[in-house]
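There are 2 protein chains.
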Amino acid sequence: MLQNHLQLTCKLMSDHRQPTPAESLIAAQGGRITRTRVAVLDVLLAADQSLTHDEIAAALAAQGIKHDRVTLYRTLDWLVDVGVAHKMAGDDRARRFGVAASGPHEHAHFHCDRCGKVVCLEGLQPAVAVNLPGGYQLDRAELVLHGACPSCGKDV
Amino acid sequence: MLQNHLQLTCKLMSDHRQPTPAESLIAAQGGRITRTRVAVLDVLLAADQSLTHDEIAAALAAQGIKHDRVTLYRTLDWLVDVGVAHKMAGDDRARRFGVAASGPHEHAHFHCDRCGKVVCLEGLQPAVAVNLPGGYQLDRAELVLHGACPSCGKDV
DNA sequence: GCGCAAATGCTACTATGTTGCAAAACCATC
DNA sequence: GATGGTTTTGCAACATAGTAGCATTTGCGC
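Have a look at this one:
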């Protein structure tokens, strides 16, 4: 993986350009630098909220990047697998994706019930050292806050 | 709604039988007492975990109750609308339904990552009086704990 | 029982996600 | 730069979850 990184750096230097954050992230996971992966990661990194598969596809299309629906699904799954992105189920049946925070992705999400947006609240760690009934083994906790986001709340 | 309840009681007395909890619950919401609603509610009341649409359909079929897939969807939606049941999105794309706890349904769920079961943890209220960024209006909090349930955890 | 509104059942449709396989792209090596 | 093996992509077909419209049935107030 370090080797990959070095080789990427090498290749890029011969191209006379710097690796983008997205490219570095992908190389660090031992994955190949492909058009789709870089573009998807760029979109996710630029977004301040979780995006559905559909929204990402629209963003790619807007950039003129040709891609297949299936490829996007597989790219997103790969990003989740290697831990770069995280996947979460919303109230609608569409899954949403976002770049994972550093460390174990135990952070809270805020779901706006009016516009449907989902944003990550990084500095918000739920204190779940609660009284879990006997026998249950806790791996991780997921906290979803529902309400109105700033842009929706001000219109009320 | 009180009138509804009285009329139901009246009707049932003439039938020489008591209203079941499910029938009372439905009547209390001003809804008609139908085969499907009573059966669905019975299933939900008897279950100690959230059920998918599919599982409920199987339970109804096991009781020999004929029903349409669409009817079940609409029945479940109605139960959620009137506040008797609650709906939650799992990691798979299937929604799960359960009877709502008394009071505002602010209770935690436990999701077993091995068998996929979802159980309600009634006495578990997350302390979410946390530092929400400015502008956000909090309506309700949803806490989902992930890990292994007693029956899965003991096999490890 | 009678009539009306609510609920059901049917068909068809949309949206989301998956599988298998051949073609193309990536990149390590020469 | 060309080459070759492996990964990734694109395509087509399929699978699952949920929705819409409308005619028929059913609960229930009278």
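Protein chains in written order, with the numbering used here: chain A, 1 to 156; chain B, 157 to 312.
Glycine included, every Cβ here is placed at the ideal spot set by N, Cα and C.
This one's a predicted model, so the numbers in the text were calculated from it and none came from an experiment.
Quiz prompt | Reduced DSSP secondary structure (H/G/I, E/B, other) of cysteine 308(B) | solution = Position 152 of the second sequence, counted from the start, is the residue given in the question as residue 308(B). Residue state, collapsed to three classes: helix.
Practice problem: Determine which residues share a DSSP beta bridge with leucine 51(A) and list them. | Solution: Taking the first sequence and counting its residues from 1, the one referred to as residue 51(A) is at position 51. BP columns for leucine 51(A) point to Phe97(A).
Exercise. Quick one: using the 10 Å Cβ neighbour count with 16 as the cut-off for buried, is alanine 183(B) buried or exposed?
Key: What you label residue 183(B) is simply residue 27 of the second sequence in a count that begins at 1. Label assigned to alanine 183(B): buried.
Quiz item: Since valine 144(A) meets chain B, which of its residues come closer than 9 angstroms, beta carbon to beta carbon?
Solution: Numbered from 1 along the first sequence, position 144 holds the residue referred to as residue 144(A). Those are Ala297, Glu298, Leu299, Val300, listed as they occur along chain B.
Exercise. Indicate whether phenylalanine 266(B) and tyrosine 73(A) have their beta-carbon atoms separated by less than 8 angstroms.
Key: Numbered from 1 along the second sequence, position 110 holds the residue referred to as residue 266(B). Numbered from 1 along the first sequence, position 73 holds the residue referred to as residue 73(A). For phenylalanine 266(B) and tyrosine 73(A), no; Cβs fall outside 8 angstroms.
Self-check item: Enclosing beta strand (DSSP E) for valine 275(B) [first to last residue]
Solution: Counting from 1 along the second sequence, the entry for residue 275(B) is found at position 119. From DSSP, the beta strand (DSSP E) with valine 275(B) extends over 274-277.
Exercise. Under 8 angstroms Cβ to Cβ from glutamine 49(A), same chain only, skipping five residues before and after it: list those, please.
Key: For the purposes of this step, residue 49(A) is taken as the residue at position 49 of the first sequence. Here the set comprises Gly98, Lys117, Val118, Val119, Cys120.
Quiz item: leucine 138(A) versus chain B: which residues are under 7 angstroms apart at the beta carbon?
Solution: Taking the first residue of the first sequence as position 1, residue 138(A) is located at position 138. Residues of chain B passing the Cβ test: Leu301, Gly303.
Quiz item: Shorter than 8 angstroms from the beta carbon of phenylalanine 266(B) to some beta carbon of chain A?
Solution: Along the second sequence, one-based indexing puts residue 266(B) at 110. It does; some Cβ of chain A falls within 8 angstroms.
Quiz prompt | Integer-rounded CB distance, given that leucine 41(A) should sit under 8 angstroms from alanine 22(A) | solution = Walking along the first sequence from the start, residue 22(A) turns up at place 22. Walking along the first sequence from the start, residue 41(A) turns up at place 41. Between leucine 41(A) and alanine 22(A) the Cβ distance is about 4 angstroms, and since that is below 8 angstroms, they are a contact.
Quiz item: Among Leu25(A), Gly134(A), Thr36(A), which residue has its Cα nearest to the Cα of histidine 67(A)?
Solution: Within the first sequence, numbered from 1, the residue matching residue 67(A) stands at position 67. When only C-alpha atoms are compared, the closest one is Thr36(A).
Self-check item: Residues of its chain near serine 307(B), where Cβ-Cβ distance is below 8 angstroms and the 5 sequence neighbours each way are ignored
Solution: To locate residue 307(B), count along the second sequence from 1; it is residue 151. The answer, listed in chain order, is Cys271.
Practice problem: With DSSP as the reference, label arginine 114(A) as helix, strand or coil. | Solution: In the first sequence, residue 114(A) corresponds to position 114, counting from 1. Residue state, collapsed to three classes: coil.
Quiz item: Expressed to the nearest angstrom, what Euclidean distance is found between the alpha-carbon atoms of alanine 141(A) and histidine 302(B)?
Solution: Numbered from its first residue, the first sequence carries residue 141(A) at position 141. Numbered from its first residue, the second sequence carries residue 302(B) at position 146. Rounded to the nearest angstrom, the two C-alpha atoms are 6 angstroms apart.
Quiz item: By the criterion of Cβ-Cβ separation under 7 angstroms, what are the contact partners of aspartate 269(B) in chain A?
Solution: By 1-based counting over the second sequence, the position of residue 269(B) is 113. By Cβ distance, chain A contributes Asp139.
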